[in-house]
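*Asks:*
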Amino acid sequence: MTNLKQLFRPFLCLLFILVGMNGYAQQAVKISGAVYEAGKQPLIGATVSVTDFKFGAVTDINGRYQLNQVPQGKVRLVVRYLGKQEIDTVVTITGSRQLDFYMKDENFRLNDVVVVAQTKAGGTSTASYVNRNAIDHLQATSLTDILALAPGAISSNQTLNKAGLVTIRGVDNNRLNELNSFGATLIQDGAPLSNNANLSALNPSVNGSTAAMAGGASANTGVDARGISAENIESVEIVRGIPSVEYGDLTSGAVILHTKAGREPLRVSAKANPNIYQGSVGTGFELGRRAGALNLSGDYAYSNNKVTASYLTYQRVNLRAIYSNAFFGNRLRTNTSLSLNYAKNHEDDNPDLPRDISRGEDTGLRFNTNGLWQFDKGWLRNIRYVVQGSYTSKQSMTERDETSANAVYSGTMTDGTTLSNRPGRRVYDADGKELTHFSDADVRAGYYAHYLPNAYTSHNEIDSREVNFFAKLTANFFQSFGKFNNGLLLGSEVKLDGNEGEGTKWSMANPPFRSVRDYDSSYRPRSYKDIPYIKMLSFFAEDNAELTLGRHTLNLQTGLRYDRVSVVGGTFSPRVNVAFDLVP
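Residue numbering for the sequence shown follows the working numbering, beginning at 19 and increasing consecutively.
1) Name the two residues that bound the continuous alpha helix (DSSP H) containing L649.
2) With a 10 Å radius around its C-beta and 16 neighbouring C-beta atoms as the bar for buried, classify Q59 as buried or exposed.
3) Among the residues of its own chain, which have a CB less than 6 Å from the CB of F598, if the five just before and after it don't count?
4) Tell me the DSSP secondary structure of A248 in three-state form.
5) Are A145 and G259 close, meaning C-beta to C-beta below 8 Å?
6) Suppose contacts are defined by Cβ-Cβ distances below 8 Å. Is A243 in contact with G182 by that definition?
7) Given that a residue counts as buried once 16 or more other Cβ atoms are within 10 Å of its Cβ, and exposed if not, what is E252?
8) Check V133 in the structure and name its three-state DSSP category.
9) Which of the three DSSP states, helix, strand or coil, is assigned to I153?
10) Does DSSP put Y546 in a helix, in a strand, or in coil?
11) On the DSSP letters alone, give me the boundaries of the alpha helix (DSSP H) that D460 sits inside.
12) Using C-beta distances below 6 Å, list every residue in its chain close to F502, excluding the 5 sequence neighbours before and after it, in chain order.
13) Please classify K278 as buried or exposed, where buried requires at least 16 other C-beta atoms within 10 Å of its C-beta.
14) Per DSSP, which residues does V286 bridge with? Please list them.
15) Three or more beta-carbon pairs under 8 Å between the stretch 436–451 and the stretch 498–517, yes or no?
16) Where do the ends of the beta strand (DSSP E) carrying K490 lie?
17) Hey, R338 and S355: beta-carbon distance below 8 Å or not?
18) If you draw a straight line from the alpha carbon of G41 to that of Q497, how long is it in whole angstroms?
19) Taking C-alpha atoms, which residue in N517, T576, K362 lies nearest to Y551?
20) Within this structure, are the beta carbons of L254 and V148 separated by less than 8 Å?
21) Say whether the stretch 290–305 touches the stretch 320–331, bearing in mind that this needs 3 or more beta-carbon pairs closer than 8 Å, one atom from each stretch.
22) Of the choices P530, N528, P529, W524, whose alpha-carbon is the least far from that of S545?
23) In this structure, does DSSP put L565 in helix, strand or coil?
24) If we call anything under 8 Å between Cβ atoms a contact, is S556 one with G266?
25) Locate the beta strand (DSSP E) running through F345, then write down its first and last residues.
26) Sort D123, E124, T107 by Cα distance to L117 and report the nearest one.
27) Leaving out five residues before and five after V1 in sequence, what residues of the same chain have Cβ atoms less than 6 Å from its Cβ?
28) Indicate the three-state DSSP secondary structure (helix, strand or coil) for E379 in the structure shown.
29) Does the Cβ-Cβ distance between N216 and E484 come in under 8 Å?
30) From what residue to what residue does the beta strand (DSSP E) around D515 run?
31) From N195 to T239, what distance separates their C-alpha atoms?
32) Where are the beta strand (DSSP E) runs, 3 residues long or more, that stay fully inside the stretch 228–277, in chain order?
33) To the nearest angstrom, report how far apart L312 and S357 are at their CA atoms.
34) Can you find a CB in chain C that lies within less than 8 Å of the CB of H468?
35) Considering only the alpha carbon of each residue, which of I111, Q575, G63, N353 lies closest to N86?
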């Protein structure tokens, strides 16, 4: 605790300096106005943000907004609304003024459409941005297809018959792609989608194999991106550089999904290619003048590996409802969503080959609520919160004819047991030391060693029930001192990942096939309930400074993150980003 206090002391000192200098700050500048659509109809719930310093405003029921204490000089403003073209502009502020914005519909019939990821600044990090137009032109089926638009990504034919990797830097080496995917964090509605509780691998302790038994994401490749439909994604931000300290549990970057929320016209779509058939429907409507808005969407996709191998199929169903509203005079803006996801990998028996069937069914329920509370009182601009909980049931089964399988199989559940040809009897050496080391529980359970036949049919099952919880609270501070602007971010988050499944199950007489190279080990059924949860508590602080030097701008982002993970302990992660525009 003492080290933690010393760690955050510089940031707390900076906070007190900002408070103390509040009286010496330059005169507050206010920007106000309204956001309209065609016909000068006000847009309720549009966001107008000063993105470089993480503060902004949301339009009220009359489409009006107000930004207080905006720094003078050049300010980047971003205006967003579901189904409208994003407005990203830089304005010169010399005093309080009114700015009205008129937004156009976003659709693929526009004359100027960018169908690749656009380079944008994610704070001071290198980032790419994919809008809805690019997603529609690509005819993307899942998030995997969208990520192919990122710079350096590898494009391939769309398919849903293999797990999708969240690769930010695509390479030809599949192992490197797996490492890239494992180190990338996927954030939706402000909360990460976690793969930490994924234990659906058959034999990691024997030969290190972490591949999922019957399809789906492996434990070492991150989230399966093909299960995320592209239909209710409004935009995707891909942070390839050093991300902000508020994003943890990553090594190779972050993918931030902005999903659809609020009013939206009825949308019905259908797609078909030789491998994939997909249909989706979605709409958003206002419930009343002050009752908020409800957005509903549904998606179904069916895929077969190839026409000549129709026995290998994948199905996916996504249902989602998100409620949005504003409270306390539009100062608190909230989004609450409930999602149901179902996916099924199914491999039927091929009559031309030995018996080899598999089935993997994933059923997940996710609840998320997040909000932004605007303060604009002195140095405190806003407080953000995110709470998310999810439960996913993964049921896997394989059944196949094993050949050339003769090997010794030990059913004992005690580590260090030595096999002997005397069942139930302990064997000692000449000095009286035991050689067998089996337990009485093994004898009572009837566990024994036997020699497997050359050919038999194995039937294996995995019952996995993943539980994930995430909560995050951040506070944004900002103050301007002449040509020097300074923003401070303080936050904390809690993450919990565990599994309540029965684990791996099979008959001792017909165990999974084991390679003869693994002669000194045997597979063991294991309950996932016995494995402790992964618990993580994090604190982070970040300072964003901007200094105007004539026509040039210097940006400095410095942050420090502390993560305390169960069993592993505490780790510190400093991050620094510097940006300077040589050519204004």
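Ideal Cβ positions, reconstructed from N, Cα and C, are used throughout, including at glycine. Every value quoted in this text rests on a predicted model; they were computed, and no experiment measured them.
*Replies:* Judging by the given coordinates:
1) Limits of the chain in this structure are 19 at one end and 602 at the other, which puts residue 649 out of reach.
2) Counted from its first residue, the sequence shown places residue 59 at position 41. Exposed, since its Cβ has fewer than 16 Cβ neighbours within 10 Å.
3) Residue mapping note: residue 598 aligns to position 580 of the sequence shown, counting from 1. Cβ neighbours of F598 beyond the five flanking positions: L572.
4) Along the sequence shown, read from residue 1 onward, the residue named residue 248 stands at position 230. In the structure shown, A248 sits in coil (DSSP, three-state: anything other than H, G, I, E or B).
5) Counting from 1 along the sequence shown, the entry for residue 145 is found at position 127. Counting from 1 along the sequence shown, the entry for residue 259 is found at position 241. For A145 and G259, yes; Cβs fall inside 8 Å.
6) Counting from one through the sequence shown, the residue named residue 243 turns up at place 225. Counting from one through the sequence shown, the residue named residue 182 turns up at place 164. Contact flag set, yes.
7) Taking the sequence shown and counting its residues from 1, one reaches residue 252 at position 234. It counts as buried.
8) Along the sequence shown, one-based indexing puts residue 133 at 115. Only weak support exists for where V133 lies, its pLDDT of 48 falling under 50; the value from the coordinates is given anyway. V133: coil per DSSP, three-state reduction.
9) Walking along the sequence shown from the start, residue 153 turns up at place 135. I153 falls in the helix class under three-state DSSP.
10) Locating residue 546 in the sequence shown gives position 528, where the first residue counts as 1. Note: Y546 maps to helix in three-state DSSP.
11) Here the question's residue 460 lines up with position 442 in the sequence shown. Counting along the chain, the alpha helix (DSSP H) containing D460 begins and ends at 458–463.
12) Reading the sequence shown from its first residue, position 484 is the one you call residue 502. Only L565 meet the Cβ criterion.
13) Taking the first residue of the sequence shown as 1, we reach residue 278 at position 260. K278 should be labelled buried.
14) For the purposes of this step, residue 286 is taken as the residue at position 268 of the sequence shown. According to DSSP, V286 bridges with V299.
15) no
16) If you number the sequence shown from 1, residue 490 lands on position 472. 474–499 is the extent of the beta strand (DSSP E) around K490.
17) As a first step, residue 338 must be located in the sequence shown, where it is residue number 320. As a first step, residue 355 must be located in the sequence shown, where it is residue number 337. Against a cut-off of 8 Å, the Cβ pair of S355 and R338 comes out as a contact.
18) Counting from one through the sequence shown, the residue named residue 41 turns up at place 23. Counting from one through the sequence shown, the residue named residue 497 turns up at place 479. Residue placement at G41 is flagged as unreliable, the pLDDT there being 41, under the threshold of 50; a coordinate-derived value is accordingly withheld.
19) Locating residue 551 in the sequence shown gives position 533, where the first residue counts as 1. That would be N517, whose Cα lies nearest to the Cα of Y551.
20) Within the sequence shown, residue 254 is the residue found at index 236, counting from 1. Within the sequence shown, residue 148 is the residue found at index 130, counting from 1. Per the sequence shown, residue 254 should be read as Val rather than Leu. Yes, Cβ-Cβ distance for V254 and V148 is below 8 Å.
21) yes
22) One-based indexing of the sequence shown puts residue 545 at position 527. Of the listed residues, the one whose Cα sits closest to S545 is W524.
23) Within the sequence shown, the letter at position 547 stands for residue 565. Here L565 sits in strand by DSSP.
24) By 1-based counting over the sequence shown, the position of residue 556 is 538. By 1-based counting over the sequence shown, the position of residue 266 is 248. Cβ atoms of S556 and G266: closer than 8 Å.
25) Here residue 345 corresponds to residue number 327 of the sequence shown, with the count starting at 1. Run containing F345: 330–345, per the beta strand (DSSP E) assignment.
26) Translated into the one-based positions of the sequence shown, residue 117 becomes position 99. With distances taken between Cα atoms, L117 lies closest to T107.
27) No answer is possible for residue 1: it lies beyond the span of the chain, which begins at 19 and ends at 602.
28) Counted from its first residue, the sequence shown places residue 379 at position 361. Reduced to three states, the DSSP call for E379 is strand.
29) The residue given as residue 216 occupies position 198 in the sequence shown. The residue given as residue 484 occupies position 466 in the sequence shown. Yes, the pair counts as a contact, with Cβ atoms nearer than the cut-off.
30) Position 497 of the sequence shown, counted from the start, is the residue given in the question as residue 515. Here the beta strand (DSSP E) through D515 covers 502–517.
31) Translated into the one-based positions of the sequence shown, residue 195 becomes position 177. Translated into the one-based positions of the sequence shown, residue 239 becomes position 221. Answer to the nearest angstrom: the Cα atoms are 8 Å apart.
32) 251–257, 271–277
33) In the sequence shown, the residue the question calls residue 312 occupies position 294. In the sequence shown, the residue the question calls residue 357 occupies position 339. Near 13 Å, if we compare the C-alpha coordinates of S357 and L312.
34) Within the model displayed, chain C is absent; a lone protein chain is all it includes.
35) For the purposes of this step, residue 86 is taken as the residue at position 68 of the sequence shown. Residue I111 is the option with its Cα nearest to N86.
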